[in-house]
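Everything on this sheet refers to the single structure shown next.
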Amino acid sequence: MESIWSQSCTIPQRQPLTGDLEVEAAVIGGGMAGILTAFLLQEAGCQVAVVEAGRIASGQSRNTTAKITAQHGMIYQKLLRTLGAEEARQYARANQEAVQAYKALIREKQIPCDLEERCAYVYGSDAQALQEEAQAAASLGLPAEYAHHVPIPVPAAGAVRFTGQAQFHPLKFLRHLSQGLTVYEHTPVQQVEEDRLMTPRGCIKARHIVFACHFPFLNVPGLYFARLHQERSYVLALEGAPQVEGMYISGEAGGWSFRNWGDLLLLGGENHRTGESGKGGRYERLRQKAAEWFPGSREVACWSAQDCITPDGIPYIGRYAASRPNWYVATGFQKWGMTTSMVSATILRDMIGGKESPYARVFAPDRLETAAIPGMAADGGKAVKGLAKRFFQMTTQAAEEIPPGEGGIVLWEGEKVGVYKDKDGSVHKVDIRCPHLGCQLEWNPDEQSWDCPCHGSRFDRYGRLISGPAQEDIALD
Ligand SMILES: Cc1cc2nc3c(=O)[nH]c(=O)nc-3n(C[C@H](O)[C@H](O)[C@H](O)COP(=O)(O)OP(=O)(O)OC[C@H]3O[C@@H](n4cnc5c(N)ncnc54)[C@H](O)[C@@H]3O)c2cc1C
Numbered sequence: 001m002e003s004i005w006s007q008s009c010t011i012p013q014r015q016p017l018t019g020d021l022e023v024e025a026a027v028i029g030g031g032m033a034g035i036l037t038a039f040l041l042q043e044a045g046c047q048v049a050v051v052e053a054g055r056i057a058s059g060q061s062r063n064t065t066a067k068i069t070a071q072h073g074m075i076y077q078k079l080l081r082t083l084g085a086e087e088a089r090q091y092a093r094a095n096q097e098a099v100q101a102y103k104a105l106i107r108e109k110q111i112p113c114d115l116e117e118r119c120a121y122v123y124g125s126d127a128q129a130l131q132e133e134a135q136a137a138a139s140l141g142l143p144a145e146y147a148h149h150v151p152i153p154v155p156a157a158g159a160v161r162f163t164g165q166a167q168f169h170p171l172k173f174l175r176h177l178s179q180g181l182t183v184y185e186h187t188p189v190q191q192v193e194e195d196r197l198m199t200p201r202g203c204i205k206a207r208h209i210v211f212a213c214h215f216p217f218l219n220v221p222g223l224y225f226a227r228l229h230q231e232r233s234y235v236l237a238l239e240g241a242p243q244v245e246g247m248y249i250s251g252e253a254g255g256w257s258f259r260n261w262g263d264l265l266l267l268g269g270e271n272h273r274t275g276e277s278g279k280g281g282r283y284e285r286l287r288q289k290a291a292e293w294f295p296g297s298r299e300v301a302c303w304s305a306q307d308c309i310t311p312d313g314i315p316y317i318g319r320y321a322a323s324r325p326n327w328y329v330a331t332g333f334q335k336w337g338m339t340t341s342m343v344s345a346t347i348l349r350d351m352i353g354g355k356e357s358p359y360a361r362v363f364a365p366d367r368l369e370t371a372a373i374p375g376m377a378a379d380g381g382k383a384v385k386g387l388a389k390r391f392f393q394m395t396t397q398a399a400e401e402i403p404p405g406e407g408g409i410v411l412w413e414g415e416k417v418g419v420y421k422d423k424d425g426s427v428h429k430v431d432i433r434c435p436h437l438g439c440q441l442e443w444n445p446d447e448q449s450w451d452c453p454c455h456g457s458r459f460d461r462y463g464r465l466i467s468g469p470a471q472e473d474i475a476l477d
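What follows is the structure, encoded as structure tokens:
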């Protein structure tokens, strides 16, 4: 299940770190946030190295839909209400400037990454709410207006339109941007202590350390596990579907996303909290919508991705924790990590360079008092539920009941274990305790993976780690 981006672009391989190293700044993670941060730091004269557990862009950035927009759903009325005008304006400006920064960088460095200027639309069924959102966004200086007509075949009363936004090919962009950077691939950071990063074959000493690893994998300090969860959604690429002349997202839960890349149409949707995939069928439901709206179209690729969600809907960008003044973080992008990666790179470059960023305050990770926000209590509650399930919810299912090509939790010699049965009937067992914090993993039938409902770690059907915060495999022999 490869995205059209990874099918159409290969990034040259880099060597792992072998031996010790000293740099001014070390960036953990070679996704959109890490590569952009390293690039801006290097342009500002800082000596920087990126340390990547897998390959460059092997995390979520290869599976995005790559819309570059300050239109992050229906958020601006809410931000005005919860933050007040000054901080809401900071959020809006930071993201709109990020759109312009992409365009300027791609133009200046002549990066061939299929950049196209497009309008962004958030559509919905409540015309009044959309009009109010358009007014709120416009009052913050964004290029927003109400649109009566939505030129896609979904039921909608209207839309909020942002002009002058953009879409691109994220991997072509990252391939070009990473060319001049020092990047160590296949080098997972296992531990960080003060100014040292430990990896399997070497240690890096760095004055500044940036955690751009999607979900921070250290539990202490920072306690990011208590204030982030992850949500997944699914994408189809369709041939023979129309040009939609814009980028679209629903402003309501359960809606769909659209954009073109060349002759293809990307149709996204089926959002859910990671680890709560139920009986699956998500690709099938998208396929039904494709058949209804674009009869005659043909699917050429399907894939999925997930992103980190914060309780107040604003990313965490800035100082990692008060006790570690030389550590920085960029996470919680709410599925808008193209502009927010650029915002992160800009804020972190300024902080590391000793400059004050006009946008630092609204994104500051220490803005939330623990448990002061309803979302935090909800996230904590989910984690407790995930733990309780492991201890108290028994299963009577036996491995024999799992059909070939499927997985599930079974009773095996008196213990609960996860089992995946190959098409040929051979059984692969996994420990269903997430190695991150011990929650019970759930089988995701659409992706054939073991997913954690608490913090979103994922493992493939054989128990190999796909993405963190967990850092270990779960295969049992
Ligand atoms: C379906 C979907 C569609 C989306 N579409 C859009 C869109 O249209 N526009 C938009 O703005 N956003 C979109 N997003 C969000 C966007 O894709 C993400 O926010 C963004 O890609 C995250 O980038 P990142 O660099 O933070 O994470 P990643 O790309 O995951 O990079 C993190 C890297 O860190 C590495 N890493 C992890 N742990 C370690 C370790 N211990 N040591 C070393 N390296 C480590 C990983 O291997 C990974 O490569 C979408 C998200 C989803 C789910």
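The sequence shown begins at 1 in the numbering used here and counts up by one. Just so it is clear, CB atoms sit at the ideal spot from N, CA and C, and this is done for glycine as well.
Next on the checklist: Any heavy atom of ligand 1 closer than 7 Å to the beta-carbon of Phe333?
Outcome noted: By 1-based counting over the sequence shown, the position of residue 333 is 333. Yes, the beta carbon of Phe333 sits closer than 7 Å to at least one heavy atom of ligand 1.
Checklist entry - When we look at the beta-carbon of Ala301 and count the other beta-carbons within 10 Å, is it buried (16 or more) or exposed? => result Counting from 1 along the sequence shown, the entry for residue 301 is found at position 301. The residue in question, Ala301, is buried, as its Cβ has 16 or more Cβ neighbours within 10 Å.
Checklist entry - What number of angstroms, rounded off, separates the C-alpha of Phe215 from the C-alpha of Leu197? => result Mapped onto the sequence shown, residue 215 falls at position 215. Mapped onto the sequence shown, residue 197 falls at position 197. Rounded to the nearest angstrom, the two C-alpha atoms are 17 Å apart.
Item to check | Burial state of Arg458 (16 or more Cβ within 10 Å) | outcome: Within the sequence shown, the letter at position 458 stands for residue 458. Buried is the call here.
Next on the checklist: Let me check you understand the geometry: is the CB of Gly54 closer than 7 Å to at least one non-hydrogen atom of ligand 1?
Outcome noted: Against the sequence shown, residue 54 aligns to sequence position 54. Yes - ligand 1 has a heavy atom lying nearer than 7 Å to the Cβ of Gly54.
Next on the checklist: Between Phe363 and ligand 1, is there a pair consisting of the residue's CB and a ligand heavy atom that are separated by less than 7 Å?
Outcome noted: Here residue 363 corresponds to residue number 363 of the sequence shown, with the count starting at 1. Of the heavy atoms belonging to ligand 1, none sits nearer than 7 Å to the Cβ of Phe363.
Checklist entry - Exposed or buried, which one is His335 when buried takes at least 16 other CB atoms within 10 Å? => result By 1-based counting over the sequence shown, the position of residue 335 is 335. Reading off the sequence shown, one finds Lys at residue 335, where the question assumed His. Classification of Lys335: buried, given that the 10 Å Cβ count is 16 or more.
Checklist entry - Can you give the beta carbon distance from Leu238 to Leu264, rounded, assuming they're within the 8 Å contact cut? => result In the sequence shown, the residue the question calls residue 238 occupies position 238. In the sequence shown, the residue the question calls residue 264 occupies position 264. Sure, about 6 Å apart at Cβ, within 8 Å.
Checklist entry - Of the choices Ala33, Ala470, Ser233, whose alpha-carbon is the least far from that of Pro274? => result For the purposes of this step, residue 274 is taken as the residue at position 274 of the sequence shown. Reading the sequence as shown, one finds Thr at residue 274 and not Pro. Among Ala33, Ala470, Ser233, the Cα nearest to that of Thr274 is on Ser233.
Checklist entry - Between Ile75, Gln15, Ala25, Gly19, which lies nearest to Ile56 when the distance is taken from Cα to Cα? => result Here residue 56 corresponds to residue number 56 of the sequence shown, with the count starting at 1. The option with the nearest alpha carbon to Ile56 is Gln15.
Next on the checklist: For Ile474 and Val417, which I take to be in contact (beta-carbon distance under 8 Å), what is that distance rounded to the nearest angstrom?
Outcome noted: Residue mapping note: residue 474 aligns to position 474 of the sequence shown, counting from 1. Residue mapping note: residue 417 aligns to position 417 of the sequence shown, counting from 1. Actually they are not in contact, since the Cβ atoms of Ile474 and Val417 sit about 10 Å apart, beyond 8 Å.
Checklist entry - Given Thr339, which residues of its chain have a CB within under 7 Å of its CB, disregarding the five upstream and five downstream residues? => result Taking the sequence shown and counting its residues from 1, one reaches residue 339 at position 339. Here the set comprises Ile68, Thr69, Ala70, Asn95, Ala98, Val99.
Next on the checklist: Tell me the residue span of the beta strand (DSSP E) that contains Tyr248.
Outcome noted: Position 248 of the sequence shown, counting from 1, holds the residue named residue 248. Run containing Tyr248: 247-250, per the beta strand (DSSP E) assignment.
Next on the checklist: With distance defined between alpha-carbon atoms, name the residue in Gln90, Gln165, Thr182 nearest to Pro12.
Outcome noted: Counted from its first residue, the sequence shown places residue 12 at position 12. Minimum Cα distance to Pro12 is reached at Thr182.
Next on the checklist: On the CB-based measure, 16 or more other CB atoms within 10 Å of its CB, does His436 come out buried or exposed?
Outcome noted: The sequence position of residue 436 within the sequence shown is 436, counting from 1. Under the 10 Å beta carbon count, His436 is surrounded by 16 or more other beta carbons and is classified as buried.
Checklist entry - If we ignore side chains and look at the alpha-carbon of each, how far apart do Leu267 and Asp114 end up? => result If you number the sequence shown from 1, residue 267 lands on position 267. If you number the sequence shown from 1, residue 114 lands on position 114. C-alpha separation (whole angstroms): 19 Å.
Checklist entry - In terms of alpha-carbon separation, which member of Ala156, Gly54, Met32 lies closest to Leu17? => result By 1-based counting over the sequence shown, the position of residue 17 is 17. When each option's Cα is compared against that of Leu17, the closest is Gly54.
Next on the checklist: Run through the DSSP bridge pairs and tell me what His428 is partnered with.
Outcome noted: In the sequence shown, the residue the question calls residue 428 occupies position 428. For His428, the beta-bridge partners assigned by DSSP are Tyr420.
Item to check | Three-state class that DSSP yields for Pro12 in the structure shown | outcome: Here residue 12 is taken as the residue at index 12 of the sequence shown, counted from 1. DSSP, read as helix, strand or coil, puts Pro12 in coil.
Item to check | Thr199 in three-state terms, based on DSSP | outcome: The sequence position of residue 199 within the sequence shown is 199, counting from 1. If DSSP states are grouped into helix, strand and coil, Thr199 belongs with the strands.
Checklist entry - Grouping DSSP H, G and I as helix and E and B as strand, with all else coil, what is Lys355? => result Position 355 of the sequence shown, counting from 1, holds the residue named residue 355. Here Lys355 sits in coil by DSSP.
Next on the checklist: Is the beta carbon of Ile204 closer than 8 Å to that of Ala26?
Outcome noted: As a position in the sequence shown, residue 26 is number 26, starting the count at 1. As a position in the sequence shown, residue 204 is number 204, starting the count at 1. Yes, they are a contact pair.
Next on the checklist: DSSP three-state label for Arg227, please.
Outcome noted: Within the sequence shown, residue 227 is the residue found at index 227, counting from 1. It is coil, neither helix nor strand.
Checklist entry - For Ala101, does the three-state DSSP call read helix, strand or coil? => result Translated into the one-based positions of the sequence shown, residue 101 becomes position 101. Ala101: helix per DSSP, three-state reduction.
Item to check | Separation of Ala38 from Ser178, as counted between CA atoms | outcome: Here residue 178 corresponds to residue number 178 of the sequence shown, with the count starting at 1. Here residue 38 corresponds to residue number 38 of the sequence shown, with the count starting at 1. The straight-line gap from Cα to Cα measures roughly 9 Å.
Checklist entry - With which residues is Phe162 paired in a DSSP beta bridge? => result Stepping through the sequence shown from its first residue, residue 162 is reached at position 162. BP columns for Phe162 point to Ala120, Ala144.
Next on the checklist: Taking the alpha carbon of His479 as the reference point, which residue from Gly405, Tyr328, Ala134 has its own alpha carbon closest?
Outcome noted: Outside the displayed range of the chain (1 to 477) lies residue 479, so it cannot be described from this structure.
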